[in-house]
Amino acid sequence: MYVQNDKGELTLAAGKDINLTASQVINAGTDGTVRLSAGNNLNLTTLTTTETLNSDWDSNNYRHYSAREDIGSQIVANGQITLRAGQDLNAVAASITAQQGLQAQAGNDINLLSGQSAYSLTEHSKQSSRGLFSAQSSERHDSIQDQAATGSTFSGDSVALNAGNDLRISGGAVAGTQDVALTAGRDITVVTARENHQETHLREEKKSGLMGSGGIGFSIGQASRKRTTDSEGDSEKASTIGSERGDATLIAGNALTIRGSDVVAGQDLTLRGKAVTISAAQSRQTQRQTDEQKQSGLTLALSGTVGSALNTAVQTAQTAKSTEDDRLQALQAGRLAEAEGDKDANNNNVVGVSISLGSQSSKSEQTTEQHIAQGSSLNAGRNLAMTATGDDILVQGGELRAAQDVTLNAARDINLLSAQNSQHTQGSNQSKGGSIGLSLG
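For the sequence shown, my numbering assigns the number 8 to the initial residue and increments by one for each residue that follows.
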């Protein structure tokens with residue numbers, strides 16, 4: 008719905024409910040107004056859009072992408088916006104913007120809630136190669152899932168929200184250039200909206216058949232290494248209540264609760280309720296890393312003093328060849344000369360041959376879990392006043408700032424507490440193996 012004449016009015020009135028789903032209500036005229044009035048409920052709900060892009064080259068090589076987003080309603084006026092509901096006013100991922108005043112009133116509850124946007128990306132690839140006497144493969148898997156909150160925003164030159172019962176804001180924003188006022192007959196709750204992120208990464212290499220032993224010799228068998236990293240965490244999107252140049256006022260008939268969110272006033276900031284609680288939200292991060300290695304097979308190598316010297320010479324030459332640093336190459340060349348000298352000094356020793364059959368495996372694992380407090384912030388350009396008319400004031404992990412005075416007044420107790428961060432790391436290492444061998448010479 009669209010109006011563009013100056014000082015025009017765009018009005019929707021219903022005896023029962025008004026339901027707007029991903030709708031646009033716009034009055035673009037100068038000093039134009041928008042009025043929505045419902046006898047029962049005024050619901051601003053979302054439409055969920057989805058997108059899927061899949062590429063499958065074969066069962067081992069593919070890319071899958073999917074996305075989902077909640078699209079909310081948009082109400083815009085170059086003048087004033089008035090929203091009224093006889094019962095509840097519910098807004099999910101809605102954007103309400105008035106160039107002049109914005110007023111929202113409900114006989115029961117006002118709920119400013121968050122929608123969600125999410126995406127998932129999975130990529131998998133596998134490469135294999137075969138030689139005359141050997142084979143090897145490399146496999147990788149990456150998966151990312153992300154879920155974010157899309158809050159509701161009520162914005163105007165001045166903003167007033169009035170609920171007969173409860174007023175709740177989750178991951179949303181109420182912003183004004185001049186005064187911002189939130190009042191409720193019962194509770195005012197300003198909290199965060201939860202977001203989530205998950206990742207999984209896997210790398211695996213396998214070899215089989217004829218393999219080098221590192222010196223003069225060879226192995227016949229198989230070897231593998233598998234590394235995984237899994238991370239998952241919840242974060243909290245803060246709500247924001249603020250006035251750029253005027254006062255910000257939050258008055259609840261019962262409990263006033265602010266958790267992990269911000270309240271800002273260009274001038275005075277006033278908070279009043281029967282009980283006032285300013286607390287921190289908690290985010291959580293977990294990461295788990297594993298590294299597994301396995302090897303088994305038959306190994307044939309030189310033994311004895313001369314055989315060991317030859318093996319050392321070959322390994323040193325290979326290392327020197329692979330390095331790019333001149334000084335390291337010189338040091339490796341020195342080691343090679345020493346190995347040749349050892350061979351000449353011990354030329355009376357017999358060159359032996361060793362044969363061994365065995366297997367070995369190892370696994371290391373480390374898990375780290377973090378809990379991080381996200382405190383609330385109250386900031387006043389002039390004075391900050393907090394009053395609990397019938398119970399306690401609790402500030403835990405919060406920050407209170409004012410250019411002039413900070414006043415806390417409680418009918419019972421005032422509790423100023425810290426919030427805690429924690430980190431726990433746990434690791435383990437396991438290894439096992441065995442071999443039988445025979446040495447000749």
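Ideal Cβ placement from N, Cα and C applies to all residues, glycine included. Remember, predicted model here, so these are calculated numbers, not experimental data.
Whole-Å CB distance - residue i paired with residue j, under 8 Å assumed
i: Gly-192; j: Ala-170; result: 7 Å
i: Ser-456; j: Gly-240; result: Given that the chain is displayed from residue 8 to residue 448, the structure contains no residue 456 and the question cannot be resolved.
i: Lys-14; j: Gly-36; result: 6 Å
i: Ile-103; j: Ile-82; result: 5 Å
i: Ile-78; j: Ala-29; result: 4 Å
i: Ala-282; j: Ala-426; result: In fact, because the Cβ distance is near 19 Å, the residues do not count as touching under 8 Å.
i: Gly-163; j: Gln-107; result: 7 Å
i: Gly-365; j: Gly-441; result: 6 Å
i: Thr-236; j: His-208; result: 5 Å
i: Leu-447; j: Val-360; result: 5 Å
i: Thr-53; j: Ala-100; result: 5 Å
i: Ser-80; j: Leu-51; result: 4 Å
i: Arg-279; j: Ile-258; result: 5 Å
Residue j beta carbon less than 8 Å from that of residue i
i: Gly-273; j: Ala-245; result: no
i: Gly-63; j: Tyr-72; result: For the record, residue 63 in the displayed sequence is Asp; it is not Gly. No.
i: Thr-256; j: Ala-188; result: yes
i: Ile-135; j: Ser-144; result: The sequence given here has Ser at residue 135, not Ile. Yes, these two residues count as a Cβ contact at 8 Å.
i: Ser-238; j: Glu-206; result: yes
i: Gly-405; j: Ser-383; result: yes
i: Thr-247; j: Ala-180; result: yes
i: Val-41; j: Asn-48; result: no
i: His-131; j: Asn-67; result: yes
i: Ala-287; j: Ala-380; result: yes
i: Leu-109; j: Val-166; result: yes
i: Thr-277; j: Ala-392; result: yes
i: Asp-153; j: His-204; result: yes
i: Asp-275; j: Asn-390; result: yes
i: Thr-297; j: Glu-376; result: no
i: Gly-228; j: Ser-303; result: yes
i: Arg-232; j: Gln-300; result: yes
i: Leu-407; j: Val-270; result: no
i: Glu-76; j: Glu-146; result: no
i: Thr-432; j: Gln-367; result: no
i: Ser-150; j: Thr-129; result: yes
Residue environment, residue i, which counts as buried when at least 16 other CB atoms sit within 10 Å
i: Ala-308; result: buried
i: Phe-161; result: buried
i: Ala-320; result: Low confidence applies to Ala-320: its pLDDT is 45, below 50, so where it sits in the model is not reliable, and the reading given next is rough at best. So Ala-320 counts as buried.
i: Arg-419; result: exposed
i: Ser-226; result: buried
i: Glu-58; result: exposed
i: Thr-56; result: exposed
i: Gly-124; result: The question names Gly, yet the displayed sequence has Ser at residue 124. Flag for Ser-124 reads buried.
i: Leu-17; result: buried
i: Gln-436; result: Sequence inspection shows Asn at residue 436; the Gln mentioned does not correspond to that position. Label assigned to Asn-436: exposed.
i: Asp-254; result: buried
i: Asp-95; result: buried
i: Asn-139; result: It should be noted that the sequence gives Leu, not Asn, for residue 139. Answer is exposed; the Cβ neighbour count stays below 16.
i: Arg-91; result: buried
i: Gly-397; result: exposed
i: Ala-20; result: exposed
i: Gly-444; result: exposed
i: Leu-424; result: exposed
i: Ala-410; result: exposed
i: Ser-438; result: exposed
i: Gly-93; result: buried
i: Thr-199; result: buried
i: Arg-252; result: exposed
i: Arg-137; result: exposed
i: Asp-186; result: buried
i: Asp-412; result: exposed
i: Asn-85; result: buried
i: Asn-61; result: exposed
i: Asp-194; result: buried
i: Asn-422; result: exposed
i: Gly-1; result: In the structure as shown, the chain begins at 8 and stops at 448. Residue 1 is therefore absent and cannot be evaluated.
i: Asn-12; result: exposed
i: Gly-39; result: buried
i: Met-8; result: exposed
i: Thr-323; result: Only weak support exists for where Thr-323 lies, its pLDDT of 48 falling under 50; the value from the coordinates is given anyway. When all chains shown are included, Thr-323 counts as buried.
i: Thr-260; result: For the record, residue 260 in the displayed sequence is Gly; it is not Thr. Buried is the call here.
i: Gly-22; result: exposed
CB contact below 8 Å: residue i versus chain D
i: Ala-92; result: No chain D appears in the structure shown, which is made up of a single protein chain.
| query | What beta strand (DSSP E) runs, 3 residues minimum, are completely inside the region 180-253? | reply | Secondary structure remark: continuous beta strand (DSSP E) runs of at least 3 residues inside the region 180-253, in chain order: 180-183, 187-191, 195-198, 200-219, 224-244 and 247-250.
| query | What residue ranges within the region 366-395 form continuous beta strand (DSSP E) runs of no fewer than 3 residues, ordered along the chain? | reply | 384-387 and 391-395
| Uninterrupted beta strand (DSSP E) stretches inside the region 22-81 (no shorter than 3 residues) | 25-28, 31-34, 40-45, 49-52, 54-65 and 68-78
| Whole beta strand (DSSP E) runs in the region 138-174 with 3 or more residues, listed along the chain? | 141-157, 160-163 and 165-170
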